[in-house]
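Chains as they are written, first to last, in this note's numbering: chain A, 1 to 480; chain B, 481 to 575; chain C, 576 to 1072. All C-beta atoms in this analysis are idealised placements derived from N, C-alpha and C, irrespective of residue type, glycine included. Presented below is the structure to which this report refers.
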Ligand SMILES: [Mg+2]
Ligand SMILES: [Zn+2]
């Protein structure tokens, strides 16, 4: 049962091949037996209650297409009555009193929340080693990282502990773990999925999306997750298409751009081979390929690592031990309360980014760092604008290497450098995907697809067509 | 631009984070290592380029002036570290 | 429009004990926080009503729960633009919300959403009267929107500060003046003018006790004629016009003393203590303030289109200056009377409500500015809390106009009305205060008085016409004040000639 896709499970439920309770119990048992550490909280009781309700709906014949389908919810989305920690000690005591819009939408679609997926603390990290709840293991090789920050989500789907998982992507946090775990992930256009109740890392970059086995599943879930939300000022009031509608379209004539900057030094040759083979496959399906240039993409790392820390330094000020969350023991005065609650509550990487952001915004440095980075961001965004005048989709690697060993990176900077191919589209607000494209050294490699604003349908269509010709997405880690 | 240990202490305090004397040297080194990554920014020609603080060129949507929220103070107080008489409590602040 | 910066004037020669005769001039700028009279908060749908149970009006957004987001209240934007139009200011068609970062328990998010580089209202100006009958223009640097903080309560517990976040997220318009005022009196005149204006245009209730209208004063002094501004102190916590004047004067004295003793003024925030009548340094808030303003990424630029601007412009209520001019032109009031009656919206409203029920404008003006304001003052209350409604007061004034009672009796009737004894007519009837207009009866009384006071009659006829007052008094006494004084005068003149 666990090997089935969301689309297949939906049919099975409808045809009464199994019930939602059976399905839910099956996944809950798999989670219990798993050693991936993909979940921070498992919500068995709640899941079974939801499953019973779903079964009742199915029996009554008023089930929706996703009714009764279980999922893993990244612990960054607020869930009423359930701990929402975002992987941080400072929110370990936080039982959210409200639901994020995405949580509400998934509930309303009668989906079954299995639990809250592990993640890098407050979405800061690319390996899921920064979680207060310990690292997550890659199902393909348990000595390796699953990627981050949606590492728990990716491992859960790749390890078939859940048919689908939510994720968020600020600088690659959906695409990179999807790539490293051999699954499908889409980061929608900024503003497409509501950020309300999604604990903010960097507000102008964060965007939620699904991690699934297939593009078709991603389309099914996007139909629920996407949409305007009046509670989010940055949400866009624009009709949501049925993302499954055009999956079958031919991609003949699709113009693919390969940015030369994405294939230069630093890219692992094994990864490059897989990516180029995948591009060839698209060519065989009738797409044309041309080289393009994104001259400012090399600046994405310093730009992102100024802007994101600036925003997070301010976003995380609310975690102060006053109204909710962790408070240090016996604070002797207010200063002590602030200093110790925050120092004890945040991990080292979060503290570093808060300090970098605080510095970059402070008097005398604002222009050189924050303002400068926002200008370069504009240049990066203009590069894409120019590129999309001649191509429909940009393809390239997601990550310069396959999944690395747990503990391989000792310092922050070398980890930052690995985000080189994913950051720039967050800066521009564009949608992007990672789809399984092959293997290098027995580890999965993802292909990145970048589209113009609001081109999710085209991306999903291209990915679905590719998945019709290949079977990389249905390969399973040993023992699953 | 490179940070001194004194600056690191000041920044930490602005962010209400404590950096012990034992940690300050390492923290300073780590932060400077990160800042080295940013050195390239200064070299980029951005003359005439406007800053982009938001990915989409949009205007703020305005909501109608209506009271839509109900009193949820019981639920909110229940998750607070310390409360009393329906207030959030902190150690005495001297003004 | 180019704004003309008014010259700073000297406060005069200061006579300190040491006998120096240095001439200082004072420079004052005000920052006024005006709470906007909306139903819901600036970025959330929680109520803004005053005086609710602690924290009952602090919703998830106001508490800064993880993941919540702000959405701007349309009314707040309209109110700010209304203010901008009222002072003929530049309206920035695109304005930006920024975050002002600092930690404080009553600031839930660790930052205040405010406006920094691009405020909604740009430069404008307002005229104040400086007391010597002259008017002065005070520049307004800007007015920007921001959210209020909550309240920290220090006296509820011995060992804790209690935080009530009901006020957090209440919309504020912060009105920043140019440093154009040169005395405490001018500062008060300016503050009162803004106070009246925000009430006129209906954006603020002006209640200073409840903190709906708060002034901070930036005060510095410099030698007369000096170009450079002196180091300023920011005075906070001033919640009445009286205290504003006192606090500024105290601060000017303090700075003079420092400078004359060769010291230098430190730039700092000082708290005004009304009980001790002193200002003191708020050192606890002074350390390393670096607010790290940057555009709030959760909010987008506020664009005001021409349609909205025109809609607001066409709904702009009558402004105080316009009302004053109308009172002069249409009602024939003097400049002075029109100024007094329009300087507070509540007074103007009361006065106009009297005219609505038919009271004479000049008589109403006299009675509002005279007896009514005297009694209000004596009872230490204001016109909003006056126990006698404008309609009831109008009825009283109309009884004077139609000669039912004299002005003197009217004062007694008003006292009874104040005590809640009934309407003017009810009191006049029940106490039998209706004026005697039967000339035959008055004549009879006059004849009796003339007969009983022959000596005075002789003197009067001998040229001591001052004695007329004596006879009037006798008649009024005999009629218990109910005789029509005009009629009495007339009849006495006839009988005594
Ligand atoms: Mg302010
Ligand atoms: Zn002197």
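At the C-beta level, residue 177 of chain A and residue 154 of chain A come within 7 angstroms of one another. Taking a beta-carbon distance threshold of 7 angstroms, residue 638 of chain C counts as an interface residue toward chain A. Within 8 angstroms of the CB of residue 355 of chain A, the CB atoms of chain B belong to 488, 491, 492, 495, 497, 507, 511, in sequence order along the chain. Annotation for residue 439 of chain A: the continuous beta strand (DSSP E) segment containing it runs 432-440. For residue 454 of chain A, the three-state secondary structure derived from DSSP is coil. For the 7 angstroms CB-CB criterion, residue 88 of chain A and residue 132 of chain A form a contact. The three-state secondary structure of residue 794 of chain C, taken from DSSP, is strand.
A direct Cα-Cα distance of roughly 25 angstroms separates residue 494 of chain B from residue 720 of chain C. Residue 473 of chain A carries a helical assignment under DSSP once its states are collapsed to helix, strand and coil.
Residue range 393-397 is occupied by the beta strand (DSSP E) that includes residue 395 of chain A.
According to the DSSP assignment, residue 282 of chain A belongs to the alpha helix (DSSP H) that extends over 269-284. For the region 526-539 of chain B, residues whose beta-carbon sits nearer than 7 angstroms to a beta-carbon of chain A comprise 526, 529, 530, 531, 532, 533, 534, 535, 536.
Listed in chain order, the alpha helix (DSSP H) runs fully inside the region 89-163 of chain A are 101-108, 151-158, counting runs of at least 4 residues. In the three-state DSSP reduction, residue 835 of chain C falls in the helix class (H, G or I). The region 237-245 of chain A and the region 408-420 of chain A do not touch, with fewer than three beta-carbon pairs separated by less than 8 angstroms. Here residue 687 of chain C carries a strand assignment [DSSP, helix/strand/coil]. Per DSSP, the beta bridge partners of residue 719 of chain C are C/749. Straight-line measurement puts the Cα of residue 768 of chain C at about 57 angstroms from the Cα of residue 1034 of chain C.
No Cβ of chain C is located within less than 7 angstroms of the beta carbon of residue 434 of chain A.
Taking a Cβ-Cβ threshold of 8 angstroms, the residues of chain A close to residue 674 of chain C are 314, in chain order.
In the three-state reduction of the DSSP assignment, residue 896 of chain C falls in the helix class, which pools H, G and I. Sorting A/444, A/99, A/125 by C-alpha distance to the C-alpha of residue 351 of chain A places A/125 at the top. For the set B/552, B/572, B/574, the Cα lying nearest the Cα of residue 566 of chain B is the one of B/552. Chain-ordered, the chain A residues with CB closer than 9 angstroms to the CB of residue 520 of chain B read 298, 299, 301, 302. Contact annotation for residue 550 of chain B against chain A: no contact, minimum CB-CB distance about 12 angstroms [criterion: below 8 angstroms].
The C-alpha of residue 900 of chain C lies about 8 angstroms from the C-alpha of residue 913 of chain C. Around the beta carbon of residue 223 of chain A, a 10 Å sphere encloses 16 or more other beta carbons of the protein chains shown; the residue is thus reported as buried. In the DSSP assignment, no residue is bridged to residue 302 of chain A. Put simply, of C/1009, C/997, C/1012, C/1069 the residue whose alpha carbon is nearest the alpha carbon of residue 1032 of chain C is C/1069. The distance from the Cβ of residue 966 of chain C to that of residue 599 of chain C is about 52 angstroms, inconsistent with a contact at the 8 angstroms cut-off. DSSP places residue 809 of chain C in the strand class (E or B) of the three-state scheme. A residue is called buried once 16 or more other Cβ atoms fall within 10 Å of its Cβ, and residue 669 of chain C, having fewer, is exposed. Every beta strand (DSSP E) of 3 residues or more that sits fully in the region 286-348 of chain A is shown, in chain order, as 288-292.
Below the 8 angstroms Cβ cutoff, chain B contributes 531 as neighbours of residue 371 of chain A, in chain order.
At a cut-off of 7 angstroms between beta carbons, residue 318 of chain A contacts chain C.
In this structure, the straight-line span from the alpha carbon of residue 151 of chain A to that of residue 677 of chain C is close to 33 angstroms.
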